[in-house]
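Mapping to the numbering used here: the sequence shown position 79 is 78, numbers consecutive.
Just so you know, even glycine gets a beta-carbon here, dropped at the ideal spot from N, CA and C.
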Amino acid sequence: MKITSVELKNFRNYSGSKIEFSDGLNFIVGANAQGKTNLLESIYLTSVGKSPKHVKDKQIIKFNETAGKIDLNFLTNSGSKNIKIYLDKLNKKSIKVNNLNVLKLTELVGTLSVVYFSPDELKLIKEVPEDRRTFLDISISQFDKNYLYNLLKYDKILRQRNTLLKSADSIVSKKEQLNLFTPQLIETAEKIILKRLEFVEKLKAEATKIHSIITENEMLNIEYSYKKTDLSIKEDLQNQFNKNLDKELELGFTLIGPHRDDLEFSINNTDAKLYASQGQQRTIALVVKLSLMEVIKKEIGEYPVLLLDDVLSELDNSRQNKLIEFVNKFQTLITCTQIPNINLPYNTIKIENGSVKTC
Ligand SMILES: Nc1ncnc2c1ncn2[C@@H]1O[C@H](COP(=O)(O)OP(=O)(O)OP(=O)(O)O)[C@@H](O)[C@H]1O
Ligand SMILES: [Mg+2]
Numbered sequence: 000m001k002i003t004s005v006e007l008k009n010f011r012n013y014s015g016s017k018i019e020f021s022d023g024l025n026f027i028v029g030a031n032a033q034g035k036t037n038l039l040e041s042i043y044l045t046s047v048g049k050s051p052k053h054v055k056d057k058q059i060i061k062f063n064e065t066a067g068k069i070d071l072n073f074l075t076n077s078g079s080k081n082i083k084i085y086l087d088k089l090n091k092k093s094i095k096v097n098n099l100n101v102l103k104l105t106e107l108v109g110t111l112s113v114v115y116f117s118p119d120e121l122k123l124i125k126e127v128p129e130d131r132r133t134f135l136d137i138s139i140s141q142f143d144k145n146y147l148y149n150l151l152k153y154d155k156i157l158r159q160r161n162t163l164l165k166s167a168d169s170i171v172s173k174k175e176q177l178n179l180f181t182p183q184l185i186e187t188a189e190k191i192i193l194k195r196l197e198f199v200e201k202l203k204a205e206a207t208k209i210h211s212i213i214t215e216n217e218m219l220n221i222e223y224s225y226k227k228t229d230l231s232i233k234e235d236l237q238n239q240f241n242k243n244l245d246k247e248l249e250l251g252f253t254l255i256g257p258h259r260d261d262l263e264f265s266i267n268n269t270d271a272k273l274y275a276s277q278g279q280q281r282t283i284a285l286v287v288k289l290s291l292m293e294v295i296k297k298e299i300g301e302y303p304v305l306l307l308d309d310v311l312s313e314l315d316n317s318r319q320n321k322l323i324e325f326v327n328k329f330q331t332l333i334t335c336t337q338i339p340n341i342n343l344p345y346n347t348i349k350i351e352n353g354s355v356k357t358c
């Protein structure tokens, strides 16, 4: 996929600007606080429907304005497409794909495929399991709509089950009702776990290759926390639910299932979360995102667009060059304060105070 242009109206510090991109490498360059990250955020928003910064839609409208707009054109194997997002202080945002209204975010996801990396992505390694599950869920949803529907279904059954576990009903009545909810939960849980296991295997295959190119001596491993047994996933989960029934009734929430699972990263067989250096963790997070580009390409038949925010300043020259060589094969938008010395063709977009400066 290739983004050809994005027009921003009252978005963050942009009053009204049209930014055009070329194939391959695009450096978005400028001093601090000029709007480089904001530009990538606007693109991410058209892909996923939400900001990567977990902010409210109201907060991304330009200060003192009541409405904003993102208008993005891109090319895919199946032709040129357009996404518009209308932001309004008083109403929910509205979205159009090729000028047709999109009523649910689930319909938008997968239209424009992007992979986003910012220094914040270190949370993938360092922070809580929820961040890693979000990574899995957003990644798989980009190429598998059924997965997204199963997630929503699972979430609904889980909430109902937790409400029941917390309710003031008698234990006998709760157990009776759980006999209805638990099999439904297990059925959807199995589909989610299977898909995640399959995805992690593919990601791992790409990541070990890319990681060894970038780091030479380090061996990266990625594992999903659910481990298959001789039993089917359904039987195994049912056993776990049987064992934990009293504990669940006591605590009032569901203890088993993909909403509790995690992704484990290790370097040379040691847990990366606990022992890897900051630089090693950053490299893993970056490698995971580069691997995701390859996995999605194999799934949908074309590369997503890679969005790299502030990645260069954190890498030494050798890693910078290896990265640039690697990302040159698809469209990449990289923000930086200074363009590095490279021997490959690239496009420069200078950003100053929420506007494009012609070079
Ligand atoms: N809703 C908003 N309305 C107007 N301006 C905003 C809004 N939200 C953020 N800004 C401003 O946008 C400016 C640019 O932010 P951005 O994060 O894009 O900078 P940057 O070019 O990526 O800088 P750096 O090199 O430091 O990462 C900030 O100074 C911020 O105050
Ligand atoms: Mg920035």
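Restricting attention to ILE232, LEU289, LEU314 and PHE252, the CA atom closest to the CA of PRO303 is found in LEU289.
Taken from the Cβ of ASP309, at least one heavy atom of ligand 2 lies inside 8 Å.
Short note on LYS91: C-beta not closer than 8 Å to any heavy atom of ligand 2.
Counting of Cβ neighbours within 10 angstroms places HIS53 among the exposed residues, the total staying below 16.
When DSSP states are grouped into helix, strand and coil, VAL310 belongs to the coil group. Between the alpha carbons of LEU248 and LEU150 lies a gap of roughly 24 Å. Under the three-state reduction of DSSP, TYR13 is assigned to strand. Straight-line spacing of the CA atoms in LYS272 and LEU250 works out to 28 Å.
Under DSSP, SER354 shares a beta bridge with GLU351.
Relative to ligand 1, LYS35 has its C-beta within less than 8 Å of a heavy atom. Per DSSP, reduced to three states, the secondary structure at LEU104 is helical. DSSP places GLU263 in no alpha helix (DSSP H) but in the uninterrupted beta strand (DSSP E) bounded by 262–266. Contact between the stretch 11–25 and the stretch 77–95 is not established, with fewer than three Cβ pairs separated by less than 8 Å. Beta bridge pairing from DSSP links SER93 with TYR85.
By the C-beta density criterion, ASP235 is buried, having at least 16 other C-beta atoms within 10 angstroms. For ligand 1, no non-hydrogen atom lies closer than 8 Å to the CB of ILE42. Just so you know, the alpha carbons of ALA167 and PHE252 end up roughly 13 Å apart. With a cutoff of 8 Å, THR334 counts as near ligand 2, since its C-beta is closer than that to a heavy atom of the ligand.
Listed as beta-bridge partners of VAL5 by DSSP are ILE18 and LEU71. Annotation for GLY109: GLN141 place their beta carbon closer than 6 Å to its own, counting only its chain and skipping 5 residues before and after. In the three-state reduction of the DSSP assignment, PHE116 falls in the strand class.
Taking ILE18 as the centre and dropping the five residues before and after it, the same chain places the C-beta of SER4, VAL5, LEU38, ILE348 and VAL355 closer than 7 Å to its C-beta, in chain order.
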